[in-house]
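All residue numbers for the sequence shown refer to our numbering, where the first residue is 96 and numbers rise by one.
First up is the structure itself, then whatever we jot down about it.
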Amino acid sequence: MEIPSERTGVLILRVWVEGGRPDGFRARIVPAGGGHQTAPSAVSAVDDVLTAVRAWLDQLLEPEG
């Protein structure tokens, strides 16, 4: 299968719960590839993970030029 353009990316999402507590949710977000490089980030809320994934997708899919 051919990749049709240079606009590709990888997002690594590592999630764990510290101490077995619901408030111990943690996630590390590591974007790679694509035209825009950003540093890894760590978050502790589900909404923050969803926001980061959406921002990464928006950035990857934004029109070139």
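Idealized CB from N, CA, C, for every residue including glycine.
- Residue pairing by DSSP puts Trp-111 in a beta bridge opposite Arg-121.
- Relative to Ile-107, the option among Arg-149, Asp-143 and Pro-135 whose CA is nearest is Pro-135.
- Around the beta carbon of Val-144, 16 or more other beta carbons sit within 10 angstroms, so the residue counts as buried.
- In this structure, Ala-122 and Arg-109 form a Cβ contact; the two beta carbons are roughly 7 Å apart against a cut-off of 8 Å.
- Judged by DSSP secondary structure, Ala-137 falls within the beta strand (DSSP E) whose first and last residues are 136 to 138.
- The C-beta distance from Gly-119 to Glu-113 rounds to 4 Å, short enough to meet the 8 Å contact threshold.
- Assigned with DSSP and collapsed to three states, Arg-116 falls in coil, not helix or strand.
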